[in-house]
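Protein chains in written order, with our numbering: chain A, 1168 to 1439; chain B, 1168 to 1439; chain C, 1168 to 1439; chain D, 1168 to 1439.
Here a beta-carbon is modelled for each residue, glycine too, at the ideal position from N, C-alpha and C.
Because the structure is a prediction, the values reported are computed rather than measured.
There are 4 protein chains.
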Amino acid sequence: MARNLLRAGHQLAVFNRTREKAEALEAEGARVAVSPEDACRGAETALTMLADDRAVEELHLPAALETGATHISSSTISTALVRRLAAGHAARGQGFLSATVFGRPEAAEQAKLLVVAAGAPDLVERHRPLFDAIGRQTFVAGPEPWQANALKLCGNFMIASVLEAFGEAFATLGKAGVDPHVFLDAMNAFFASPIYANYGKIIADGRFEPAGFALKLGQKDIRLLLEVTQECASPMPLASLLRDRMLAGMAQGQAEMDWSSVARVSARAAGL
Amino acid sequence: MARNLLRAGHQLAVFNRTREKAEALEAEGARVAVSPEDACRGAETALTMLADDRAVEELHLPAALETGATHISSSTISTALVRRLAAGHAARGQGFLSATVFGRPEAAEQAKLLVVAAGAPDLVERHRPLFDAIGRQTFVAGPEPWQANALKLCGNFMIASVLEAFGEAFATLGKAGVDPHVFLDAMNAFFASPIYANYGKIIADGRFEPAGFALKLGQKDIRLLLEVTQECASPMPLASLLRDRMLAGMAQGQAEMDWSSVARVSARAAGL
Amino acid sequence: MARNLLRAGHQLAVFNRTREKAEALEAEGARVAVSPEDACRGAETALTMLADDRAVEELHLPAALETGATHISSSTISTALVRRLAAGHAARGQGFLSATVFGRPEAAEQAKLLVVAAGAPDLVERHRPLFDAIGRQTFVAGPEPWQANALKLCGNFMIASVLEAFGEAFATLGKAGVDPHVFLDAMNAFFASPIYANYGKIIADGRFEPAGFALKLGQKDIRLLLEVTQECASPMPLASLLRDRMLAGMAQGQAEMDWSSVARVSARAAGL
Amino acid sequence: MARNLLRAGHQLAVFNRTREKAEALEAEGARVAVSPEDACRGAETALTMLADDRAVEELHLPAALETGATHISSSTISTALVRRLAAGHAARGQGFLSATVFGRPEAAEQAKLLVVAAGAPDLVERHRPLFDAIGRQTFVAGPEPWQANALKLCGNFMIASVLEAFGEAFATLGKAGVDPHVFLDAMNAFFASPIYANYGKIIADGRFEPAGFALKLGQKDIRLLLEVTQECASPMPLASLLRDRMLAGMAQGQAEMDWSSVARVSARAAGL
Chain A
1168 MARNLLRAGH QLAVFNRTRE KAEALEAEGA RVAVSPEDAC RGAETALTML ADDRAVEELH
1228 LPAALETGAT HISSSTISTA LVRRLAAGHA ARGQGFLSAT VFGRPEAAEQ AKLLVVAAGA
1288 PDLVERHRPL FDAIGRQTFV AGPEPWQANA LKLCGNFMIA SVLEAFGEAF ATLGKAGVDP
1348 HVFLDAMNAF FASPIYANYG KIIADGRFEP AGFALKLGQK DIRLLLEVTQ ECASPMPLAS
1408 LLRDRMLAGM AQGQAEMDWS SVARVSARAA GL
Chain B
1168 MARNLLRAGH QLAVFNRTRE KAEALEAEGA RVAVSPEDAC RGAETALTML ADDRAVEELH
1228 LPAALETGAT HISSSTISTA LVRRLAAGHA ARGQGFLSAT VFGRPEAAEQ AKLLVVAAGA
1288 PDLVERHRPL FDAIGRQTFV AGPEPWQANA LKLCGNFMIA SVLEAFGEAF ATLGKAGVDP
1348 HVFLDAMNAF FASPIYANYG KIIADGRFEP AGFALKLGQK DIRLLLEVTQ ECASPMPLAS
1408 LLRDRMLAGM AQGQAEMDWS SVARVSARAA GL
Chain C
1168 MARNLLRAGH QLAVFNRTRE KAEALEAEGA RVAVSPEDAC RGAETALTML ADDRAVEELH
1228 LPAALETGAT HISSSTISTA LVRRLAAGHA ARGQGFLSAT VFGRPEAAEQ AKLLVVAAGA
1288 PDLVERHRPL FDAIGRQTFV AGPEPWQANA LKLCGNFMIA SVLEAFGEAF ATLGKAGVDP
1348 HVFLDAMNAF FASPIYANYG KIIADGRFEP AGFALKLGQK DIRLLLEVTQ ECASPMPLAS
1408 LLRDRMLAGM AQGQAEMDWS SVARVSARAA GL
Chain D
1168 MARNLLRAGH QLAVFNRTRE KAEALEAEGA RVAVSPEDAC RGAETALTML ADDRAVEELH
1228 LPAALETGAT HISSSTISTA LVRRLAAGHA ARGQGFLSAT VFGRPEAAEQ AKLLVVAAGA
1288 PDLVERHRPL FDAIGRQTFV AGPEPWQANA LKLCGNFMIA SVLEAFGEAF ATLGKAGVDP
1348 HVFLDAMNAF FASPIYANYG KIIADGRFEP AGFALKLGQK DIRLLLEVTQ ECASPMPLAS
1408 LLRDRMLAGM AQGQAEMDWS SVARVSARAA GL
């Protein structure tokens, strides 16, 4: 994402807790900051992409940013934290947007992410060039930043439900003596989706390492979605099922495996 | 399917309980049979496509077919019935294959169905020209006819799980104030699947009539799948969830609506 | 049950597929019949208690009974079969009642069963002395025999839900380092129910053999209940959960263990 | 609880945000404190009973208590907060116990609560006279205070699962035309538990107001339990089901009704 912003002609100061990662961008014109505060100094806009709520909170970004600057949060974090950030930035006369993204590392490299933005409409419009620099399409979830996170979490839920469905179908067909690759071929012909092709193959092959996205992170996202359902009073029994199945995988030592390894929970329950 | 078999040069006798439907094929060269027995008279192969177990059982096809002939069953029926049919045909020296299909009416018209066949390998190979005449690709599930039905039921389960996932996500996003079409656009960009595009639009628009596939039929298929899980001792909690959600829809008067109307169950539970 | 009917002064012909079981009653005045037909000869009332639908169907009782006689079915069988039996007996001018029972073998020996009867009110009243001879209390579920079976299946569902709840709680408390017997003692003090005391102890001790009631039979009853929910269009997600959990236990070799061994499924999912 | 402590001869300072509630105890010898700090002044032991995490946190009890004093927390709060309290009190040289209770208001009045205590064994023993003053039996969950809360949450889960089971059974039997009171009578005869008698009657009568325990509080407890399952990596699918069903009830305006009104969710899903 940083590289694509540089390529689009933006001036960047970059900070990463693993300094080497930041330095890799130095040759392409980025200034390597020594701290989040340093990165924010004089910045018009701060874009953050971190692993979870805690990592975002530890930045204390409202305090680090200057008045009038805007924070764009791309992390998949809780809607509650997004609301707290929105309030914190507003109190200091700063702008705040949420701009979550869909896409794997290769999509990020190729500036082909899908960007889901939310926040004050004029602020969203003003930052569209940034979204265009990192993604192939931008969707606007609504006028409140947390709405982008609700949409992002629902998107991850859509993927997770495919993983569980594949896991259950493969387990039953496994016991029925049907070759999993025949089922996968049929589903690929039918759904014609790269998401199905990718995850279906990982599960059919049983190759859950290295993880593209760790089970513990996927499970965390489903938990964040369940918090949204609590805020919205909107029950999601399938999300609850996913939470428990992923938790069962974690209890069996799969926390660092790819989240598609939730399929193993179905296999084990079937005695496979 | 009959039309495409005629076009491929096969001689057909056709029978439908609604005689007009059979007569529509007369101009294209089919002989209109007055009964299943009449249709089977002298036939080398009988292909059946019916709504449910009862309709198939009422044909008494093993008795109607001649020795040496082959029955190809394309109906989405229970694996238990398929095994009974296999035994019945074997006892009379007849061949038996299951050849279930995926695809909507337009796909059937354009000979673009996906065919999932199962049965004795030589018998499957001998009938490949028939499958090629009606579909764009043929998958072989295994040497036992019921395996094709297990795979077909798992395929319908994969679709149903998308319907439920969409229903839950739309309900939560609805309460979160996110425009459902924005979510749908993002999912279309991400999954890039015609199945998602088609059903996602029906649900986002709330247009469940006329039904492409009735909820009561979808629910029946999930029940047939649950019978398979019982035979295979392979629990499928997501299938159970789908059964109950679709049943809730039926209890609320949606039996004849499209099966994607299962989304209404999530909407109601959220108080929408 | 037979012994208590004899003690109450009734004349009995007894039949059991295991002849020794019937002969044990000879000394107490029962006539040992050589077949179901023989047992029915000249009988005013036939009371049947069998393991499942198939065993009941194989009796062909409507054909065996004389006109004017009454069949009282005490088996935990499907409501669909009960309706077929009701029709079969009615067609031959015979009476038919369902009189299911709750209680363990000791309760049966001590004539302390709970009887749940259903059928034509006058027929129920006429046979009350029989119910009083075998049980301590009789409940009338309604005018249709299958209603007694629906109630009985719901009762077994109530027990099964306690087993699952105990299993989940023990698993979590096990991982939390809480002694299961402390939890059990607290629940016994709180619920003050012999059902909780009995099953809670089996689960806390992990002694699932010999089975008081086999897991495969408990799972069958939940499936019969799910058929009722289908007939009544009344979703029961907890029943579906129980079905799957018990099926998972069966897939892991617990079919012949006590049905409270469903608790092992929770323990395994927690990595215990 | 305060009254029973006074009767047992203890000296009490009492504080309640609704001052009248505290003043009601003045005649029986209690000193009415004007603030939590005032209540803690000079106290050997502070016993707190509050509605939720927030209410407990707002007391800042570690700061209010004197060194060497002990805090006994009786609230049904999160295990995470209990661990934070334990650390906070330890840092100030204060003792800390969790002593949750089971029982309805009448049981509290009659000193018949069930007390579930946890914490350092010597500290538990030293405070047994207090537990004996308010309850009829004390159970020790373990050496860590949060273990008492885990046990208490599991106990509430056991009750909630009965509510859901009753709700589903009543819905199905309602559609089957079986009188709910007949089913309830049978269950009372079978389970012989005051918990079943009490809640079964409320549900059969449909009298969910006034609430003995509000649905929103019951749902909160299940959520706290789900947090425990997360900490312990122990999936509880029945707890997840309860969470969603109670949330559905809240989405339909039942938040302030008795938590047994979760039965209405099943009734609605069945179209009743």
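| Query | Result |
| --- | --- |
| A1359 of chain B versus L1414 of chain C: straight-line alpha-carbon distance, rounded | 36 Å |
| H1256 of chain B and P1229 of chain B closer than 9 Å at C-beta | yes |
| Chain F contacts made by the region 1409 to 1424 of chain B, where a contact means CB separation under 7 Å | Checking the listed chains, one finds no chain F in this structure; the protein chains it contains are A, B, C and D. |
| Test item: CB-CB of D1425 of chain D and I1362 of chain D under 9 Å | no |
| V1223 of chain A at chain C interface by Cβ criterion, 9 Å | no |
| Alpha-carbon spacing of I1244 of chain C relative to V1345 of chain D, whole angstroms | 18 Å |
| Residues near I1389 of chain D in its chain [Cβ-Cβ closer than 7 Å; skip 5 each side] | F1324, A1327, A1406, L1409, R1410, M1413 |
| Given R1208 of chain C as reference, the closest of C:F1375, C:F1182, C:L1297, C:G1385 once Cα atoms are compared | C:F1182 |
| Buried/exposed call for G1322 of chain C, threshold 16 Cβ in 10 Å | buried |
| Alpha helix (DSSP H) segment containing T1185 of chain D, residue limits | Here T1185 of chain D belongs to no alpha helix (DSSP H), and DSSP marks it neither H nor E. |
| Chain A residues whose Cβ lies nearer than 7 Å to that of G1438 of chain C | A1418, Q1419 |
| Neighbouring residues, chain C, relative to K1188 of chain D (Cβ below 9 Å) | Within chain C, no residue comes near K1188 of chain D; the closest Cβ sits about 26 Å away, beyond 9 Å. |
| P1361 of chain B at chain A interface by Cβ criterion, 9 Å | yes |
| Contacts that V1268 of chain A makes with chain B (C-beta to C-beta distance below 9 Å) | Here the premise fails: no neighbours, minimum Cβ distance about 11 Å. |
| Under 7 Å by beta carbon: chain D residues contacting A1400 of chain A | L1414, M1417, A1418 |
| Backbone CA spacing between K1188 of chain D and F1298 of chain D [nearest angstrom] | 22 Å |
| Contact check, V1291 of chain A vs V1307 of chain A, beta carbons under 9 Å | yes |
| Of the residues B:R1174, B:E1335, B:T1396, the one placed nearest E1276 of chain B, counting alpha carbons only | B:R1174 |
| Other residues of its chain near S1433 of chain D: CB distance less than 8 Å, five sequence neighbours each side excluded | E1331, G1334, E1335, F1337, A1338, R1412 |
| For L1213 of chain B, the first and last residue of its enclosing beta strand (DSSP E) | The sequence given here has Ala at residue 1213 of chain B, not Leu. Unbroken beta strand (DSSP E) run through A1213 of chain B: 1212 to 1215. |
| Local conformation of S1360 of chain D per DSSP, three classes | coil |
| Segment contact flag, the region 1245 to 1265 of chain D with the region 1219 to 1237 of chain D, C-beta cutoff 8 Å, min 3 pairs | yes |
| 9 Å Cβ cutoff met for L1217 of chain C and L1172 of chain C | no |
| Local Cβ density within 10 Å of A1194 of chain D, reported as buried at 16 or more and exposed below that | exposed |
| Close beta carbons around E1394 of chain D, own chain, < 8 Å, minus the five adjacent residues each side | S1245, T1246, A1247 |
| C-beta contact flag for G1367 of chain A and M1354 of chain A at 9 Å | yes |
| Reduced DSSP category for D1299 of chain B - H, G, I as helix; E, B as strand; rest coil | helix |
| Boundaries (first-last residue) of the alpha helix (DSSP H) holding F1263 of chain C | Careful: F1263 of chain C lies outside any alpha helix (DSSP H), inside the beta strand (DSSP E) at 1262 to 1269. |
| Inter-residue Cα distance where the pair is A1430 of chain D and L1439 of chain D | 11 Å |
| Residues in the region 1344 to 1361 of chain A having any Cβ partner in chain B nearer than 7 Å | G1344, V1345, V1349, F1350, D1352, A1353, M1354, A1356, F1357, F1358, A1359, S1360, P1361 |
| For A1418 of chain C, the nearest candidate out of A:A1418, A:R1435, A:D1205, A:V1282 (CA to CA) | A:R1435 |
| Near the ligand ADP: E1276 of chain C beta-carbon under 8 Å from a heavy atom | The ligand ADP is not part of the structure shown, which contains no ligands of any sort. |
| Unbroken stretches of the beta strand (DSSP E), 3 residues or longer, contained in the region 1288 to 1339 of chain A | 1302 to 1309 |
| Strand pairing of V1199 of chain D, partner residues [DSSP] | D:V1181 |
| Cutoff 8 Å; reference A1258 of chain C; Cβ partners in own chain excluding five residues on either side | P1229 |
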